Every structure is written in C-alpha cells, then in structure tokens.
Amino acid sequence: MPRRLPEVTRVYQNHHLDSTRWEVVDPRPGDIIVTTSYKSGTTWTQQILNQLINGHRDPVPDLHAVTVWVDARFQGVDKAALEARVAGMEGRRSLKSHLPLDGLPYYPEASYIIVGRDPRDVFMSLFNHYSSYTDNAFAALNSEDAVGPPLPRCPDDPAALFRRWISEGWFSWETEGWPMWSNLHHTRTYWEYRDLPNFLFLHYNDMLADLDGAVRRIADFVRLDVTEAEVARAVERTTFANVRRRVEAQSEEADISRFFFEGGMKRFFFKGTNGRWRGVLDDECMALYEAAKARVLDPAAARWLEEGGAVS
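Letter by letter, the sequence shown follows residues 2 to 313 in our numbering.
See the structure below:
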C-alpha cells in the first residue's frame with residue numbers, strides 16, 4: 002500500500018506565527034520551501050539558494066525581495082497582499098517557514114529543505130535574538146490581532162529562560178519551545194517522513210565544516226544545473242565571514258532591521274559559532290535537556306540534531 006503522506010493537523014497562531022497564511026499559496030512545480038524551527042541556518046540556506054538562482058545578476062537581488070516568510074503574522078502584510086506577492090514571484094520560488102510539518106502543507110511538487118542544529122546552540126542563538134528585540138518589535142508582535150498571550154520580555158539570565166524553553170510548550174500539544182514554539186517537536190514531525198524524496202535534511206555543523214559540499218547538495222537536490230564557477234561563487238559569497246562583512250559595511254540608515262533588533266543586522270548575524278552554551282547552561286539545565294530529548298525524539302533524531310551527518 003502507498004505510504005501515508007503528511008497532513009496538516011494543527012493550527013499555529015501566536016505572536017509570531019499564523020499557519021493559516023499558507024492557505025493563500027498556490028503551489029507550483031519547482032517551489033523550494035526552507036523550514037526550520039528557528040536559529041538553525043534558515044537565512045544562511047536562503048542566501049545560498051539566492052546565490053545559486055540569482056548569483057549571475059548584477060546586482061544580486063536582496064534576499065527579502067526574492068523570498069517570503071509565509072507564516073509570519075507580524076509583518077503588516079494581510080492575506081490578500083501575501084497571495085498577490087507570492088503569486089507574482091517569477092522563476093524558482095524560495096519560500097520560508099518556521100512551522101512543524103503538522104502545521105505546514107505538504108506539496109508533492111515542492112522541494113523541502115529542513116535545517117537542523119544542536120538544540121543547545123539553537124537556544125544560545127535564540128537568546129541573543131530574543132534579548133535584542135526593541136520596543137517596536139514587541140509592539141508589532143503583541144498587536145491586537147495576535148492570537149493568545151503576548152510575548153513576554155526576555156529574561157536577563159539565559160539559564161532561567163532555558164529551563165522554561167526546554168520544559169514548557171507555548172502550544173498545548175508541545176512540551177518545549179516556550180515562549181516561541183517547538184524546536185524538538187519541529188524536527189520530529191519532519192523526521193517521521195525523512196524517506197520522502199522531496200525532503201533534504203541539512204545540518205548546521207555540516208554547513209560550517211564543508212560549505213562547498215552543502216552548496217552542491219542543495220543545487221543537486223533542487224535540480225539546478227550550475228557550473229563549477231557558479232558553485233565557487235555561491236560558496237565564496239555565503240561564508241559567514243563574508244556575510245558578516247557585508248552586514249558591517251551596511252549603513253545604519255539602510256539597515257531596516259534596526260526597527261526590530263538592537264544593533265540591527267550586526268546583532269542578527271552575531272557569531273555563527275557552536276558551543277557557546279558551555280559554561281552558561283548548568284547541570285539542572287542539562288538534566289532538563291536530556292529529559293526533553295528522551296520525551297520528544299527517537300535516539301537517531303536526537304543524535305542527528307547534536308552531531309549532524311547523513312540522515313538514514
């Protein structure tokens with residue numbers, strides 16, 4: 002018998018997310034959907050795709066001009082405008098999602114790139130991200146049309162936030178991810194369908210260790226016929242050092258992210274390194290983390306999130 006395909010069984014609506022916004026997306030053959038929980042290499046992967054698809058253009062279009070975060074509730078774009086924008090995108094469409102697979106439509110004609118990262122590194126990057134939110138950010142996220150409780154201010158102590166993040170869910174069906182949404186559950190929902198031919202699992206560690214290999218895997222997976230020179234160009238332009246250099250060269254006036262983050266894009270692209278949780282997360286945090294892994298993930302999925310490597 003043919004295997005069961007993924008189905009939407011949950012609605013995700015909170016200060017950041019509205020999964021119902023995918024209802025206005027009319028899928029096309031060749032669509033590429035980059036999906037992570039958060040802080041796992043989403044923007045990095047999208048930059049690679051932009052370079053592979055548009056790297057020959059001068060200038061290369063800004064990432065925000067050629068991709069859409071469909072399930073973002075807070076950006077002031079209603080469903081009608083979102084539908085028009087997505088429908089008006091030309092060529093290969095790259096769309097972003099932070100939804101678990103139980104809230105994201107499955108399109109057999111699309112390619113899904115799922116990016117994972119050690120949950121402890123995800124948390125450290127999330128803390129930097131969340132703790133930099135401006136008053137403007139909280140006003141946008143906690144506007145009147147947000148569903149559910151408002152996003153609280155970030156605690157000063159990362160360990161205090163971690164203890165709630167790893168042991169409490171924002172949605173009733175989650176047991177970790179507070180006050181955002183799940184991280185481990187996100188991976189689990191895709192992991193259960195990892196044998197689907199239109200799913201590619203990438204890991205942040207592997208991208209750091211072998212960016213050339215990651216670029217080639219992405220190009221092969223989405224069936225882009227690229228030359229060696231085009232691969233080399235994409236690799237050179239998407240190293241963390243070069244992305245950071247371009248960010249630092251940007252004027253404050255041009256950096257619209259300053260509306261949302263203290264320090265703007267320089268804060269968004271903070272370090273890009275792993276292991277910063279050591280010396281920050283105490284024994285209690287680690288015990289809660291081990292309990293969450295055992296509760297949510299099978300051992301193979303947990304091992305992959307921590308180490309990377311091939312998915313089987």
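Positions of the beta carbon are idealized from the N, C-alpha and C atoms, including for glycine.
Keep in mind that this is a model prediction, so the values were computed, not measured.
**Alpha carbon of Arg-4 to alpha carbon of Lys-294, nearest angstrom** = 27 Å
**Asked** Can you list, in chain order, the residues of its chain whose CB lies under 7 Å from that of Glu-307, leaving out five sequence neighbours each side?
**Response** Asp-119
**Rounded distance between the beta-carbons of Gln-14 and Arg-238, thought under 8 Å** = Going by Cβ atoms, the distance from Arg-238 to Gln-14 rounds to 36 Å, so no, they are not a contact pair.
**Item:** Three-way DSSP call (helix, strand, coil) for Gln-52 in this model
**Value:** helix
**Message:** Less than 8 Å between the beta carbons of His-16 and Asn-143, yes or no?
**Reply:** yes
**Prompt:** Alpha carbon to alpha carbon, what distance is there between Val-244 and Arg-154?
**Reply:** 29 Å
**Within the segment 118 to 205, ranges of the beta strand (DSSP E) (whole runs, at least 3 residues)** = 200 to 204
**Request:** Using the Cα positions of Pro-28 and Arg-86, report the straight-line distance between them to the nearest angstrom.
**Result:** 13 Å
**Message:** For Leu-327, which residues in the same chain have their Cβ closer than 6 Å to its Cβ, ignoring the five residues on either side in sequence?
**Reply:** Here the chain comprises residues numbered 2 to 313, so residue 327 is not present and cannot be evaluated.
**Beta-carbon proximity of Tyr-1 to Leu-100, cut-off 8 Å** = Because the chain here runs from 2 to 313, residue 1 falls outside it and cannot be looked at.
**Message:** Is it the case that the segment 220 to 233 contacts the segment 179 to 194, given that we only count it when at least three CB pairs across the two stretches are under 8 Å?
**Reply:** no
**Message:** Which of the three DSSP states is assigned to Leu-18 in this structure?
**Reply:** strand
**Asked** Can you list, in chain order, the residues of its chain whose CB lies under 8 Å from that of Ala-255, leaving out five sequence neighbours each side?
**Response** Unreliable positioning characterises Ala-255 in this predicted model, as indicated by a pLDDT of 45, which lies under 50. The coordinate reading is nonetheless provided below. Cβ neighbours of Ala-255 beyond the five flanking positions: none.
**Request:** Taking Val-67 as part of the alpha helix (DSSP H), name the residues at either end of that continuous run.
**Result:** 64 to 67
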